[in-house]
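This is the structure in structure tokens:
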């Protein structure tokens, strides 16, 4: 029952987008997000939407998957839209009824904010859809490696991420097992008021925590047995290497930013 | 068998090893002496709390002796400078396969140890492929560990240790959490590594039918090694084993019953095949 939880869903594939170096994708995603806040014209939005659609198509991600990713955010999106629609003050009133007055500025702002949030989320989804969590962690580690000089334990942090990702399915399985065990003894996890249900979770969480600590202890022992002694002097089997396609991706990203800036200047 | 190579130096020497856990009232190990020859397959039996795991943890310097000495290929485990070389020589696999796999792709997990040792990436790749082939898991190299069966996970754990290039493999009840099929897979992988690659294997187990395949069986009780010999010698002493709350292999139990019923079968027929052959011969 808990099996379908995924963290940043990943659709395995072998397209150019999938094969890009995770560092490239991470940098471009950050650039994309920053660029999104520079957009202030309809032409700019059209350009970003076109770019996003093109990448989605090249990555063989179904448009439906993109929309599905937006589903949990419907509330935030609608809320943002309504807030901007009703609470923007201006002189160019389009519609007025008692205390409700909708202005032209408000309408424009609402639409552009909604678009911005949706584009922001879909853009980052595109990263997780085409990059495995492990590759993202790896890419982050390399990108942040200069921080090592400032004594930030970058490798340890990335190892922590990896181990967390590795143990999510194991712990979910365990939770399922404990839940079944408690239910078999008559525990009621599904009915009752919210505080009651939260209380019923306690006999679930305690064994889970105890087992997680035991696992951590054993894992640490196993890691020590395999000569783990910190990030220093470590090598990697899979080295990240930038290829021609990464250069192309950076050029395209640059073009997108340039396009946005030009449209902003022209006001189209 | 192990007696043929007695002229070589032992790979592991344990001398008068004593260890007391903090807050324990009696020592977990009490003056243990043990030599293990390179290339031998040794099974360690004993009921819970007999000191088997404590002994195992001394062999790669996870625990350090309170008294006495543990020498791995001449290196004293108490010497801090030899820690990594010792851990590299003596690979250790534990009971719960889930709690020893670090990465979420099989081949990345196997690469963990050589990565820690700072091995060149190309060489890591070679070792990972070789280690996975040795335990027959090469086809699963891109799988996620949590989707594998228990026996498969445990073989990945063995591969993860093999990638260090160890001379000794210590398996601490590797089959305790597995189904019969997983048990067979793991034990035959270990046996193959010993027979074909000459890796010394120390298998701690509760399953007598696994101990039958070893060259030498050690029986521990309350921190002492109380029996030490070839499987045929040890299992011939069924009464002594039962007194230590251990069982005997099914084959031994069968032969005992048949002999009690008037047949005269040799007690040394321990594997199912040998047992079947002995019965067939006796029946003419």
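Residue numbers (my numbering), protein chains in the order written: chain A, 1 to 268; chain B, 269 to 552. We put the CB at the ideal spot given by N, CA and C, even for glycine.
1) Beta-carbon separation of residue 310 (chain B) and residue 545 (chain B) under 8 angstroms?
2) Within 10 Å of its beta-carbon, does residue 332 (chain B) have 16 or more other beta-carbons around it, so buried, or fewer, so exposed?
3) Using 10 angstroms around the beta-carbon of residue 280 (chain B), count the other beta-carbons present and answer buried if the total reaches 16, otherwise exposed.
4) Excluding sequence positions up to five away, which residues of its chain have a Cβ less than 7 angstroms from the Cβ of residue 538 (chain B)?
5) Would you be able to state if there are at least three C-beta pairs under 8 angstroms between the segment 410 to 426 of chain B and the segment 331 to 348 of chain B?
6) When Cβ atoms are compared, which residues of the segment 373 to 407 of chain B fall closer than 8 angstroms to chain A?
7) Return the CA-CA distance between residue 405 (chain B) and residue 415 (chain B), expressed in angstroms with no decimal places.
8) Check whether the Cβ of residue 84 (chain A) lies closer than 8 angstroms to any Cβ atom in chain B.
9) So, with DSSP's three-state summary, where would you put residue 385 (chain B)?
10) Which residue or residues does DSSP assign as beta-bridge partners of residue 96 (chain A)?
11) Just reading off the beta strand (DSSP E) that residue 301 (chain B) is part of, what are its end residues?
12) Taking DSSP as the reference, what is the three-state secondary structure of residue 488 (chain B)?
13) With DSSP run on the structure shown, which of helix, strand or coil describes residue 289 (chain B)?
14) Using a Cβ cut-off of 8 angstroms (strictly closer), state whether residue 271 (chain B) contacts chain A.
15) So for residue 208 (chain A), helix, strand or coil by DSSP?
16) Rounded to the nearest angstrom, what separates residue 1 (chain A) and residue 180 (chain A) at their Cα positions?
17) Restricting to runs no shorter than 3 residues, where is the beta strand (DSSP E) found entirely within the segment 339 to 380 of chain B?
18) With 16 other CB atoms within 10 Å as the buried threshold, where does residue 475 (chain B) fall?
19) Can you give me the start and stop residues for the beta strand (DSSP E) that residue 152 (chain A) sits inside?
20) State the CB to CB distance for the pair residue 155 (chain A) and residue 234 (chain A), rounded to an integer number of angstroms; the pair is presumed to be in contact (CB under 8 angstroms).
21) Identify each residue in the segment 519 to 532 of chain B for which the Cβ-Cβ distance to at least one residue of chain A is less than 8 angstroms, and report them in chain order.
22) State yes or no: is the C-beta of residue 446 (chain B) within less than 8 angstroms of the C-beta of residue 402 (chain B)?
23) Cutting at 6 angstroms between CB atoms, please list the residues of its own chain near residue 158 (chain A), excluding the five before and the five after it.
24) Closer than 9 angstroms, Cβ to any Cβ of chain B: which residues of the segment 211 to 226 of chain A, in chain order?
25) Where residue 23 (chain A) and residue 160 (chain A) are concerned, what is the direct C-alpha to C-alpha distance, given to the nearest angstrom?
26) Threshold first: 4 residues or longer. Then list the alpha helix (DSSP H) segments lying entirely within the segment 8 to 32 of chain A, N to C.
27) I need the straight-line Cα distance from residue 7 (chain A) to residue 214 (chain A), nearest angstrom please.
28) Determine the direct distance from the alpha carbon of residue 205 (chain A) to that of residue 322 (chain B), and round the result to whole angstroms.
29) Short of 7 angstroms in beta carbon distance, which residues of its chain neighbour residue 94 (chain A), apart from the five on each side in sequence? Order them along the chain.
30) Under 8 angstroms, with one C-beta from each stretch per pair, do the segment 428 to 444 of chain B and the segment 349 to 366 of chain B reach the 3-pair mark?
31) For a test of the three-state rule: what should DSSP assign to residue 548 (chain B), helix, strand or coil?
32) Contact between the segment 242 to 253 of chain A and the segment 180 to 198 of chain A is defined here as three or more beta-carbon pairs at a separation below 8 angstroms; is this criterion met?
33) Using a Cβ-Cβ distance cut-off of 8 angstroms, determine whether residue 166 (chain A) contacts chain B.
34) Going by beta-carbon coordinates alone, are residue 340 (chain B) and residue 354 (chain B) separated by less than 8 angstroms?
35) Which one or two residues does DSSP pair with residue 440 (chain B) in a beta bridge?
36) Report the partner residues of residue 280 (chain B) according to the DSSP bridge assignment.
Per the coordinate set shown:
1) no
2) exposed
3) It counts as buried.
4) 480, 499, 500, 503, 517, 519 and 520
5) no
6) For the segment 373 to 407 of chain B, the set of residues with a beta-carbon nearer than 8 angstroms to any beta-carbon of chain A comprises 373, 375, 376, 379, 380, 381, 382, 383, 384, 385, 386, 387, 388, 389, 392, 393 and 396, in chain order.
7) 13 angstroms
8) no
9) coil
10) Per DSSP, A:101.
11) For residue 301 (chain B), the enclosing beta strand (DSSP E) has its first and last residue at 297 to 304.
12) strand
13) coil
14) The pLDDT assigned to residue 271 (chain B) is 48, lower than 50, so where the model puts this residue is not dependable; a value taken from the coordinates is nonetheless given after this. Taking Cβ atoms only, chain A never reaches closer than 8 angstroms to residue 271 (chain B), which makes this a no.
15) Correct three-state label for residue 208 (chain A): helix.
16) With a pLDDT of 40 at residue 1 (chain A), under the threshold of 50, the modelled position of that residue is not reliable, and no figure is offered here.
17) 358 to 361
18) buried
19) Unbroken run through residue 152 (chain A): none, as it is neither H nor E.
20) 7 angstroms
21) none
22) no
23) 137 and 141
24) 214, 215, 216, 217, 218, 219, 221, 222, 223, 224, 225 and 226
25) One Cα belongs to residue 23 (chain A), the other to residue 160 (chain A), and the distance between them is close to 19 angstroms.
26) 16 to 19
27) For residue 7 (chain A), the predicted structure reports a pLDDT of 47, less than 50, and the residue's modelled location is therefore unreliable. A value from the coordinates is still provided. Straight-line Cα distance between these residues: approximately 24 angstroms.
28) 31 angstroms
29) 102, 103, 104 and 107
30) yes
31) helix
32) Judged by Cβ distances under 8 angstroms, the segment 242 to 253 of chain A makes no contact with the segment 180 to 198 of chain A, as fewer than three pairs qualify.
33) The beta-carbon of residue 166 (chain A) is placed less than 8 angstroms from the nearest beta-carbon of chain B.
34) In this structure, residue 354 (chain B) lies closer than 8 angstroms to residue 340 (chain B) by Cβ.
35) B:472
36) Within the DSSP secondary-structure output, residue 280 (chain B) pairs in a beta bridge with B:304 and B:340.
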